[in-house]
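Protein chains in written order, with our numbering: chain B, 18 to 332; chain F, 18 to 332.
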């Protein structure tokens, strides 16, 4: 038996501040047409795919950033994408900024990905769990990484959904650096994780990491795939956007941790792989048979504490 | 400031069933002498370094395996190693099988590593947490992997100790495949993890993994190092032992996840790297500042369940 999901990682090149959502959706539709030619079941777009990566700028009044957020999905600008995907029978995963008003009348801002099935059903909207960067303007940086100013962290954590004939999970950008993200999904039987990202090549707090961005990107997704026996689809917004060079290297990983396919450019590019979800069992049924081999009774620190605790009583 | 620990990964080639402990200790002393020439502070020997990897054989009566276990450390065979290391002012980490009788008169069998400081002080004895393989004879295999017959899993989990001017942790072989191992130590401020291993190239439950043994070995230690901002010292018993080819590739990893040094042979070989423990802060003080960025409030599955749980109520 085999359960093939043909997935397309729809990498996007830069989106400038002045680009309209309509212009971006036109680029997305072009990649969707390629996906149809490659018989894709599922197309994955990057994080914050409808706008430029706006957390690179500080705004004294956060409400001046409202135009970077969606308030409904689909909406007028994205409806053509929803329509065409449904017509083609292709599902998709789309990252964007969501601004909503909760029951208490409070404005909430999230960094989300929505998963849509081949028949147009919205399966789930995932909120980013690990919000990197900083909360306040740091004008000495060449550019800001103010995600902690513009987004709240998800209160919900990681889910896995029955879709595309398998168990599908989502994570966003920085979530991929944390083994906890993959494991939370692994413990829900995940078979394919969809992950959009925007990763500047320059990391201001420690520029010694700049030359390692591609290495680290591959390392975390490859190990997360292997250690949980799952496919991982990593999709970049790459290239130099508003003067900030960002990592491309969109990559589809097998449950073995191997690279199945990888982008060859830093611009708009569809990266395709046929993923047999039954491959997952080679790992989840052997070496990573969690029920047989995990030892949660000695993992208490993982959930009992957030940061480092040094027991000074130990030698 | 820098805090340099010069570490030697003392890879061993095969140890046959007929080899005496004295013969093995003679080989260890040769590597120790090389370590002195390289000004090592610390030498790390592999898992079960004093004997052949005996879990490859089934014995109906487990007591017939008693001669593979130590009952005290140091003992007559290893005393020359302890003496010479102390004379040279070099610390070491030694893996072996331990058989002891507990307060209730029960025989307990452990797969352990002992850490010894430069002055000869025994810092700690770590018991392996994740016991791989199987419990019962499986005669259809070309060789057995009966660790679950010969060893109990540690009830204590992972510790980190003040030694060698830093925070030192230990793990053994299969422990290195689990991100939980590194994270439990990361949450205790680990700066260097010492890990001996025996890894047959053939994995009977899924031979498709055989060609990937080296890739997976590097992948898990590299990602564990990066995601916790720690050095990792992986030390093999390599080569073909009693007809079973095993992975060598002893490797020292930096907190960046990069390979600092790697074995070039499958036999007795000392692999040396100067490790500046202050490098760890480049990661633990930025991207992996756990207290700032981790989200244990949404990691509840990590400790609440051992195996996969699928919530059928979800879509």
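Even glycine gets a Cβ: it sits at the ideal position worked out from N, Cα and C.
At a Cβ-Cβ threshold of 9 Å, residue 132 of chain B and residue 56 of chain B do not count as neighbours. Taking a cut-off of 8 Å on C-beta distances, the stretch 42-59 of chain F touches the stretch 19-31 of chain F, as three or more cross pairs fall below it.
The residues 221, in chain order, have a CB closer than 7 Å to that of residue 158 of chain B in the same chain once the five nearest residues on each side in sequence are set aside. Against chain B, the CB of residue 315 of chain F has a partner CB under 9 Å away; the residue lies at that interface. Residue 171 of chain B belongs to the set of residues whose beta carbon lies under 9 Å from a beta carbon in chain F. Residues of chain B with a Cβ closer than 8 Å to the Cβ of residue 318 of chain F are, in chain order, 200, 201, 204 and 205.
Rounded to whole angstroms, the gap between the alpha carbons of residue 34 of chain F and residue 193 of chain F is 26 Å. For residue 203 of chain B, the uninterrupted alpha helix (DSSP H) run begins and ends at 196-203, by DSSP. The alpha carbon of residue 296 of chain F has as its nearest neighbour, out of F:190, F:310, F:165 and F:277, the alpha carbon of F:277. For residue 172 of chain F, the three-state secondary structure derived from DSSP is coil. Using a Cβ-Cβ cut-off of 9 Å, residue 86 of chain F is close to nothing in chain B; its nearest Cβ partner there is about 22 Å away. For residue 190 of chain B, the closest of B:150, B:184, B:226 and B:229 by C-alpha to C-alpha distance is B:150.
Less than 9 Å divides the Cβ of residue 230 of chain F from the Cβ of residue 218 of chain F.
Those residues of the stretch 236-269 of chain F placed with their C-beta closer than 7 Å to a C-beta in chain B are 236, 237, 239, 240, 243 and 244, ordered along the chain. For the C-beta of residue 307 of chain B, the chain F residues within less than 7 Å are, from N- to C-terminus, 323, 324 and 325.
A residue is called buried when at least 16 other Cβ atoms come within 10 angstroms of its Cβ; residue 233 of chain F meets this threshold and is buried. Judged by DSSP in its simplified three-state form, residue 275 of chain B adopts coil rather than helix or strand. As the crow flies, the alpha-carbon of residue 52 of chain F is around 14 Å from that of residue 29 of chain F. Three or more pairs of CB atoms, one per stretch, sit closer than 8 Å, so the stretch 82-92 of chain B contacts the stretch 108-125 of chain B. According to the DSSP secondary-structure assignment, residue 263 of chain B is paired through a beta bridge with B:217 and B:256. Within the same chain, no Cβ atom closer than 8 Å to the Cβ of residue 313 of chain B is found once the five residues on either side in sequence are excluded. Residue 171 of chain F and residue 282 of chain F have their C-alpha atoms some 32 Å from each other.
Look at residue 315 of chain F here: in three-state DSSP terms it is helix.
With respect to residue 169 of chain F, residue 94 of chain F sits apart: the two C-beta atoms are not nearer than 9 Å. In summary, the residues of the stretch 208-233 of chain B whose CB is separated from some CB of chain F by less than 8 Å are 220, 222, 223, 225, 226, 229, 232 and 233, in the order they occur in the chain. Nearest in C-alpha terms to residue 129 of chain B, of all of B:135, B:318 and B:110, is B:110. Burial state of residue 257 of chain F is exposed, judged by a 10 Å Cβ sphere holding fewer than 16 other Cβ atoms.
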